[in-house]
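The listed protein sequences correspond, in order, to chains A and B.
Counted from 1, the first sequence has number 1382 at position 131 by the numbering used here; the numbering is strictly sequential.
Counted from 1, the second sequence has number 417 at position 416 by the numbering used here; the numbering is strictly sequential.
This report refers to the structure that appears directly beneath it.
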Amino acid sequence: MFGSNMLFYLFSIFLVISALMVVFSQHPVFSLLFLVASFIFSAFLLFMLECELLALLFIVVYVGAIAILFLFAVMMLESKLNNLSKNSMKYVPVGFVFSFFLLTPLLREISIHFENNYDRNSFYLNTYQNWYDLIDSISDVEVYGQVLYSYYVLQFLISGLILLLTLVGVVYLTNTFATQQTTDQSLFKQLSRNSKLSFKE
Amino acid sequence: MKKKLALGLPSLVALHSFTLFPEYFLSISIIYVLIVIVLITYNIYGLMLQKALSESMALILIMASYLIFNDDLLVLNFSNFNNSIVNDYFAFFTKILICLFSALYFLIVANSLKEQKLTSFEYLLIILFAVLGLLLMCSSNDLLTAYLAIELSSLAFYILASFRKISSYSVESGIKYFVTGAVSSAFFLLGSSFIYGLTGSINFSDFHDLFECSSMYFHPHDLFFDSGDLKTYELWKTIQIMMLLDIGQFPILAELFNYSFVEFGLTLVLFSLFIKLSLAPFHLWSLDVYEGAPTSSTFFFAVITKLSVFVLLIRLCYQSFFSLKSCWQFYSLWIGIFSIFVGSFGGLKQRRLKTLLAYSSTSHMGYALIAFSTSTFIGIQMLLFYMFIYMISGLCVWYVMLLLRLKKKNFENKYNKELSDLALLKKSNAALAFSLSLTMFSIAGIPPLVGFLAKMSVFLSVVGISFYFIALASILCSVVSTFYYIRIIKVLYFENLLVGKLYYPIKTTKTIILSVLILSLVFFFLNPTILYLVNYKAILYLL
């Protein structure tokens, strides 16, 4: 049990480090890879808290789809990202001011409303065995499925409609019907591209 | 066997499937239109079908509004999807309004889509998606459904804004709209997660039970009658009546519970909705988006989308979080005043018509928000009245904007007009100039037109809860804003020019809707009681 407590801290430290590296790393591809790493570490944390569905969603949706999509987008847009790192320091003070004004009331409210738990230093040790769970239990994923399909059918249908809408919109916006050919990548340009992004002018 | 079948059928068509009958109808017809159009190879017959398709969309919406109208709400009040949908007269009234106005919009746009070179069928389909989202937003009763409805409609808006792919302005406006919309929905989700974290529920009626009950559902009837203390009971009754008559004056027992965390979440949700309404500190996206997007899309953003956000605001603030009045009243009052100020003074130096109308819409949303912030029964009634008038006059203005097409070789598609383009319109098309000037008078609030009543009722509702300073400031700002409305009329009629711009002539069939709308501006001034009564009935559920 102490080991799992240690694991929890280890993963959360890794998570924080990789989240910081997302912001501070100079190379956009590296920062995206750190983003993927932070998603994976948070998925580990969620696995340890027995939220399997959320952990799987993090890996499948965020790591599998969104982050990889971003990675491709960043690799395609390489030439325009050169000046990004220079300008980013310009916005740091403004960002600090806004985050200060957002975070201080938030932390104050949380400290008022959610009192400190005295067992927080050993929260992972304090698990007790619920015997009913051993006899009659369904997994987290199954519970979510049952609630989703019985109570939230309507919301499920609406999200299906949203997907249909985005499909129609994306097909229209990305296709060029006039020339009757889809947007194509030029093979020569693709192959002659090197892995390093040039930060020189 | 036979009996079993008879039992089986009613359970198959359960009552709750009729809860959202018009929305079901709309979504099924969207999918039907999509399939049919794909089958008939729109690329070949597209131009022929464009107008017919748009008119059939209008027919779909009119049929949907008939479905809403046909319902007498006897049973549907109690049937809902796990309490996530509410069916009352308020939702029904606003849904009918949105359906009818967007049907009118489709009829108006039907002629001009070809002239704007927006010939692909996806345009109409995406607008229908947006209308579906707006309808769902009107009747949503929990934060999740509201969020999904907002997403459905605003994703449609992003696509509509960037629909003209060859114009970089349109693409830019689409991306700007997308980024601000993403920030707004992030705020919404953050706020609703705070609310969920504290209350453990996302349902509006649960919030009502949690926060409102302590003061309203206290039944002293048993207490007082047992002791025979009739005097205290009378006192309690008068207090209750005072609360019903004038909710604004009564101090609600807010000290029982520390509301500050819920207030924090509610404020974030409110800010996200204010971004959607393009109110003053959050209005900067609307100027560029309105200018850059294709004119018919801007027409839709400016006129039809605003009402349902207000419905959601009323459900949030009046129904579920009424006891947090001090919080949302503060924000909505000051943001309302500020957006009236910005809308009236920002438009003064503006020479581009669409940006001018964006500023005007910001100030109008400010007036509506002030009426909303009064937290009285009359305030919401006047809010609905104001929104109705806003939509009618918006339809008039934007229809004229669509009808005016410059007769020039190079700028054949130019719909973005400057003020000087309108010079001497009275010479080339006197009727159109007259209708535009009448609409401008109505928006500015000059007496023989209904805009005067709308503005006056808002100011009266603010005076009714004795916010005299607010009323005075907004009246002064509205005086300033009349300057740019009247300046349009001055450009139309009294410009000292010998040469004006030439416009394409307009067919008489196109002007029927416009003349009906202009007449309604006069008619509702002479007979506003119909609107007042209908709004009164729609609002009654709040009591």
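No residue lacks a Cβ here, since even glycine has one placed at the ideal position from N, Cα and C.
- Not flagged as an interface residue toward chain B: G1346/A, since no C-beta distance is shorter than 8 Å.
- Per DSSP, the unbroken alpha helix (DSSP H) holding G1411/A starts and ends at V1404 to T1425.
- In the structure shown, the three-state DSSP call for E419/B is strand.
- By the criterion of a C-beta distance shorter than 6 Å, V401/B is surrounded in its chain by L437, once the five residues flanking it on both sides are discounted.
- Straight across, the Cα-Cα distance linking F179/B with M1257/A is about 42 Å.
- The C-beta distance from G452/B to S394/B rounds to 6 Å, short enough to fall under 8 Å.
- Setting aside the 5 residues that flank it on each side, G266/B is surrounded in the same chain by G192, F195 and I196, each with a C-beta closer than 6 Å to its C-beta; the list follows chain order.
- E123/B has a beta carbon lying within less than 8 Å of a beta carbon in chain A.
- For the stretch 1407-1420 of chain A, the beta-carbon criterion of a distance under 9 Å to any beta-carbon of chain B is satisfied by L1408, I1409, S1410, L1412, I1413, L1415, L1416, T1417, V1419 and G1420.
- At a cut-off of 8 Å between C-beta atoms, Y1423/A counts as an interface residue with respect to chain B.
- Per DSSP, L357/B is one residue of the alpha helix (DSSP H) stretching across L354 to S374.
- A direct Cα-to-Cα measurement between I305/B and F1439/A gives close to 49 Å.
- Rounded to whole angstroms, the gap between the alpha carbons of K350/B and S421/B is 13 Å.
- Chain order gives the chain A residues near E152/B as I1413, where near means a beta carbon separation below 7 Å.
- Under the three-state reduction of DSSP, L114/B is assigned to coil, being neither helix nor strand.
- At a cut-off of 8 Å between C-beta atoms, F82/B counts as an interface residue with respect to chain A.
- Identification of residues in the stretch 160-171 of chain B having a C-beta nearer than 7 Å to some C-beta of chain A yields I160, S163 and K166, given in sequence order.
- By alpha-carbon distance to F323/B, the top candidate from P295/B, F122/B, T509/B and F205/B is F205/B.
- The straight-line gap separating the alpha-carbon atoms of S103/B and S1443/A is approximately 52 Å.
- Annotation: the continuous alpha helix (DSSP H) that includes V1287/A extends over P1279 to M1299.
- DSSP places E1360/A inside the alpha helix (DSSP H), whose first and last residues are V1343 to H1364.
- Annotated as distal: L288/B and A183/B, with beta-carbon spacing of 8 Å or more.
- Within the stretch 311-325 of chain B, not one residue has a Cβ closer than 7 Å to any Cβ of chain A.
- Under DSSP, I379/B takes part in no beta bridge, so it has no partner.
- Contacts with chain A (Cβ-Cβ distance below 7 Å) from the stretch 494-520 of chain B involve no residue at all.
- When 8 Å is used as the limit between beta carbons, F262/B is near these residues of chain A: E1360, I1361, I1363 and H1364, in chain order.
- Selection A372/B, F311/B, I109/B and I379/B evaluated against L334/B yields A372/B as nearest (Cα-Cα).
- Under the 10 Å beta carbon count, I1268/A is surrounded by fewer than 16 other beta carbons and is classified as exposed.
- Within the stretch 445-471 of chain B, complete alpha helix (DSSP H) segments of at least 4 residues are found at 451-465, given in chain order.
- Residue nearest to K52/B within the set S113/B, S168/B, T20/B and I86/B is S113/B (criterion: CA-CA distance).
- The continuous alpha helix (DSSP H) containing Q330/B extends over residues K326 to G347.
- Annotation: A424/B is outside any alpha helix (DSSP H) and is labelled neither H nor E by DSSP.
- When Cβ-Cβ separations below 8 Å define contact, V1404/A makes contact with chain B.
- Each of L354/B, C100/B, F378/B and F386/B was checked against the Cα of A369/B, and the nearest Cα belongs to F386/B.
- Contact of A157/B with chain A is assigned, a C-beta pair being separated by under 8 Å.
- Proximity of L1286/A to chain B, defined by a Cβ-Cβ separation below 8 Å, is not satisfied.
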